[in-house]
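Input: a single structure, listed below in structure tokens.
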Amino acid sequence: MLIIIQEIFLNLNFIAFCQPCCPGINLFFPKHKMAKTFYSLNIHFHKLGFSSFISDIWKTKAEFEMNILLVYPKMPDTFYAMKHFIHVIGKKASYPPLGLLTVASLLPTDWNKRLLDINVVDLSEKDLKWADYVFLSAMNVQDESVKEIIKMCNRAGTPIVAGGPLFTHEYERFPGISYFVLNEAEITLPVFLNDLKKGNPKPVYKSNDFADVTHTPLPAFELADMKNYIYSIIQYSRGCPYMCDFCDVTALYGRRPRTKSSSQIIRELEAIATNKEVKLILFADDNLIGNKKTLKSDLLPALIEWRIKNNPGFFFATQLTINLADDDELMNLLLKAGFRHIFIGVETPDEEGLKASSKNQNLKRDQFTNIRKLHGAGFMIAGGFIVGFDTDTQTIFNKQVDFIQESGIPLPIVNILKAPPGTELYERIKKEGRLSKPFAFTEGETNIVPVMDEKILYDGFLELIANIYSPEKSYERIITFFNTYKFPKTGIKIPEKYSLNEMLMVLRALYLVGIRYPSRKYFWKLIYWTIKHNRKYIDKALFYGVMIYQMHQTYLHIKQSVLLQNRHLYKDPDAGNKTPPISVPDLIAQL
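Residue numbers (our numbering): 7 to 597.
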């Protein structure tokens, strides 16, 4: 019996190597079919104990070329996804998936690799027939899309290799996935690939170690078609020195920021710079200034020197902490290097909320003054805010509105507090028996039973976002921003040349927001104010004018979602408590 089984495998192996010379064999046994046959037979017989010769056969299979489909799930309609802004300018997604592009570079060079971003194009059965494996990477916000991808792959018989933050702490929730390669791919992926080569891959690969990112390869940027994206993306560091209890960064990447070398970053920028359409590059760091010493002594001087020498036409965006305002030297270096857009987690103007959440870097400072200082230096801020801390009272909603509007943060992003798995907050809430449901990322959802009355929390949240995201309030706040913002004086001019495609984007925005949008008057008021008071801000006026539309659509979507997800709180007010909840069409009509 053993000899017969071995003969079957040897014949299948012979067919595999005949394929390049005998293309007719593909009609009867295409390569992807054989890969899946090897996969299923190998696993089945391995369980029966026939591992000695099967491993040898599988090793041969794993060594010749394979088709790898790198799949990035769909982003839901949140502020971060900027779906409405993207639609207006004719793009399809914000940025390409850096994690998958890095994974692609860690795979054998002779394997065929394709990137399929579902935010750009739908996943099809044809794609899955081509693929020997689907490599899937996802964040928590992409949970629903991941479940649909798993169903499709399982129907097609295509095994999935999954990694990313969504799976790190709760991979057991996804039984349809064949292999989990968790934590940092530089450590766990080579082990998986080695086991795959030997014919005995395990279902789960984990590591408590953190990767040395100075050995991280150049991402496979060539797999992404940049015409579909607003901006490109790279990463300099991983980890954050702070311990905010609601943030999972330290659980995923540690408290000691690990940085790439400046030469690595320059190589990545040079690879991206070959595409002249790229005007903005996101440094996707958890906190770019987490390691100030190395940033100031290595990366920023190298970026400034490279910028002066090569004169690239793009700016940088990143995420960092508000204590940047304490370091004038660092601010100046960042601006000279080309950083303009920064995301800062302000969270709350209430000190009790900051203390309770261990947001210590925001304590003992005047955050309002810090924001104004950063605007005045030449930074454009997107600010993160949270309501629903255990210490919050009903007054927090008006406090948040006042802070946001008066500080002039042009792009505020407000969430109800949620507890991501792996965080200190999650463990505390779980211990207190206050976990209400699985983790949900979208702005108006929470997995926490709040201390505040639930109805008061949701009513206050909806009132808050109505008072910052309405077109009128967005316009007023952006004018406040323009009155405090100043162009950075760096002595390094960044060329701003506009291509035909960019001019067409402007025309599309003028039509969709300036003509078709019912609240278009605020778009034109902003343009008129800019022409009258400071014409050199006209490009920013166009950008923020479209963001007025984005913020308005964000509000409408969040409101609809909150009402639909909390039917026990929001019933038809005119028909008593026994009336069924408001229907979807009625909700949409009310909006």
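We put the beta carbon where it would ideally sit given N, CA and C, even for glycine. Computed from a prediction, not measured in an experiment: that's the story for all the values here.
Asked: Using DSSP with H/G/I as helix, E/B as strand and the rest coil, what is S476?; Found: coil
Asked: Check whether the region 485 to 500 touches the region 446 to 454, taking contact to mean three or more Cβ pairs, one atom from each stretch, closer than 8 Å.; Found: no
Asked: Can you find the residues in the same chain that come closer than 7 Å, C-beta to C-beta, to I392, ignoring five residues on each side of it along the sequence?; Found: E353, T354, N421, L423
Asked: Helix, strand or coil for R161? Go by DSSP, reduced to three states.; Found: helix
Asked: Per DSSP, Q325 forms a beta bridge with which residues?; Found: F349
Asked: Return helix, strand or coil for S184, following the three-state DSSP convention.; Found: coil
Asked: Please list the terminal residues of the continuous alpha helix (DSSP H) segment that includes G105.; Found: 104 to 112
Asked: For L532, does the count of other Cβ atoms within 10 angstroms reach 16, so buried, or fall short, so exposed?; Found: buried
Asked: For K97, collect the residues of the same chain with a Cβ closer than 7 Å to its Cβ; drop the 5 residues on either side in sequence, then sort them by chain order.; Found: N234, Y235, I236
Asked: Alpha carbons only, please: which of V140, Q571, P307, P181 is nearest the one belonging to N453?; Found: Q571
Asked: Quick check on this structure: which residue in A226, P82, T256 has the alpha carbon closest to the alpha carbon of Q148?; Found: P82
Asked: My assumption, with CB atoms under 8 Å, is that T108 sits in contact with T222. Please give the rounded CB distance.; Found: 7 Å
Asked: Measure the C-alpha to C-alpha separation of S243 and T265 and round it to an integer number of angstroms.; Found: 4 Å
Asked: With H, G and I counted as helix, E and B as strand and the rest as coil, what does DSSP make of G389?; Found: strand
Asked: Starting from R526 and walking both ways along the alpha helix (DSSP H), at which residues does that stretch end?; Found: 526 to 539
Asked: Return the chain-ordered ranges of every alpha helix (DSSP H) run that is complete within the region 199 to 264 and spans a minimum of 4 residues.; Found: 255 to 259
Asked: DSSP three-state call for S413: helix, strand or coil?; Found: helix
Asked: Just the C-alpha distance for F487 and Y543, rounded to the nearest angstrom, thanks.; Found: 11 Å
Asked: Should D291 be labelled buried (16 or more other beta-carbon atoms within 10 Å of its own) or exposed?; Found: buried
Asked: Specify whether the region 204 to 221 and the region 121 to 131 touch according to this definition: at least 3 beta carbon pairs, one from each stretch, less than 8 Å apart.; Found: no
Asked: Is it buried or exposed, Y534, if we count other Cβ atoms within 10 angstroms and call 16 or more buried?; Found: exposed
Asked: By how many angstroms is the C-alpha of P501 removed from the C-alpha of A230?; Found: 25 Å
Asked: What are the partner residues of K119, as DSSP defines its beta bridges?; Found: I74
Asked: Since R483 and I410 should fall inside the 8 Å C-beta cutoff, what is the C-beta to C-beta distance between them, to a whole number of angstroms?; Found: 7 Å
Asked: Less than 8 Å between C-beta atoms, sequence neighbours within five positions excluded: which residues of the same chain meet that for Y561?; Found: I471, A472, Y475, S476
Asked: So what's S303 in DSSP terms, helix, strand or just coil?; Found: helix
Asked: Does DSSP put V140 in a helix, a strand or coil?; Found: strand
Asked: Near T300, which residues of its chain fall below 7 Å by C-beta distance, leaving aside the five closest residues on each side in sequence?; Found: T265
Asked: What number of angstroms, rounded off, separates the C-alpha of N200 from the C-alpha of S364?; Found: 42 Å
Asked: Buried or exposed for M337, going by 16 or more other Cβ atoms inside 10 Å?; Found: buried
Asked: Short of 8 Å in beta carbon distance, which residues of its chain neighbour F467, apart from the five on each side in sequence? Order them along the chain.; Found: V393, G394, F403, V420, I422, G450, V568
Asked: Using DSSP's beta-bridge definition, name the partner residues of P418.; Found: G389
Asked: Go to G169, then tell me how far its beta strand (DSSP E) extends in each direction, as first and last residue.; Found: 166 to 169
Asked: Start and end of the beta strand (DSSP E) containing I295?; Found: Counting along the chain, I295 falls outside any beta strand (DSSP E), and DSSP gives it neither H nor E.
Asked: Quickly, what does DSSP pair L441 with across the bridge? List them, please.; Found: I454
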